[in-house]
């Protein structure tokens with residue numbers, strides 16, 4: 008069935024609108040975008056934002072290599088929802104990192120989001136809730152506006168049941184198993 012003449016709001020003839028939308032955003036030339044609660048959002052981090060991610064990569068890197076893990080900002084799909092995230096950093100088993108497709112939050116070991124003025128509330132509430140619903144075991148929120156870090160763990164359908172923080176920048180933040188290390192946050 009052709010979808011060329013579909014009017015606004017008439018998606019009844021589209022075989023799977025969720026998959027079509029997620030496919031389309033992965034093929035936007037030159038830009039990285041994500042879908043947050045049905046809204047297509049460009050991903051364009053600042054240097055300060057990238058610096059915080061780089062500092063986390065440096066600290067977690069040696070332990071990741073010991074455990075056979077990889078880190079990146081590859082796509083995370085949340086099937087059955089209008090959400091398709093590009094996390095600031097996700098740590099996954101090395102074998103999964105070879106995938107061309109999107110991974111699922113429950114395939115990660117750690118997801119990190121660093122707030123920016125334009126998306127701070129999304130990272131604090133929407134993504135935190137959705138990552139928990141989809142089983143991401145650890146969610147580290149680096150809140151540059153509040154100058155704090157919070158580690159969320161023990162995901163459930165209503166959100167994370169355990170939070171460590173918020174810890175002011177400069178405080179060490181402990182990452183539990185499998186990482187078993189403390190992140191230095193003073194330079195965030």
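Residue numbers (this note's numbering): 8 to 195.
All residues carry an ideal CB built from backbone N, CA and C; glycine is no exception.
Computed from a prediction, not measured in an experiment: that's the story for all the values here.
Determine the burial state of residue 81: buried for a count of at least 16 other Cβ atoms within 10 Å of its Cβ, exposed for fewer.
As a first step, residue 81 must be located in the chain shown, where it is residue number 74. Per the 10 Å Cβ criterion, buried.
Who are the near neighbours of residue 93 in its chain, counting only those whose CB is closer than 7 Å to its CB and skipping five residues on each side?
By 1-based counting over the chain shown, the position of residue 93 is 86. These residues qualify, in order along the chain: 39, 41, 50, 80 and 82.
Please classify residue 179: does DSSP put it in a helix, a strand, or coil?
Numbered from its first residue, the chain shown carries residue 179 at position 172. Three-state result, residue 179: coil.
Quick check on residue 32: does DSSP put it in helix, strand or coil?
For this step, residue 32 is matched to residue 25 along the chain shown. Helix at residue 32.
Under three-state DSSP, which class holds residue 161?
For the purposes of this step, residue 161 is taken as residue 154 along the chain shown, with counting starting at 1. It is a strand residue.
Are residue 145 and residue 117 closer than 7 Å when you measure CB to CB?
Counting from 1 along the chain shown, the entry for residue 145 is found at position 138. Counting from 1 along the chain shown, the entry for residue 117 is found at position 110. Contact: yes.
What does DSSP give as the partner residues of residue 100 in its beta bridges?
Your numbering for residue 100 matches position 93 in the chain shown. The partner list for residue 100 (beta bridge, DSSP) reads 76.
Where does residue 52 fall in DSSP's three states?
Working through the chain shown from its first residue, we reach residue 52 at position 45. If DSSP states are grouped into helix, strand and coil, residue 52 belongs with coil.
For residue 127, which of 191, 43, 69 and 169 has the nearest alpha-carbon?
Counted from its first residue, the chain shown places residue 127 at position 120. For the residues 191, 43, 69 and 169, the minimum Cα distance to residue 127 belongs to 43.
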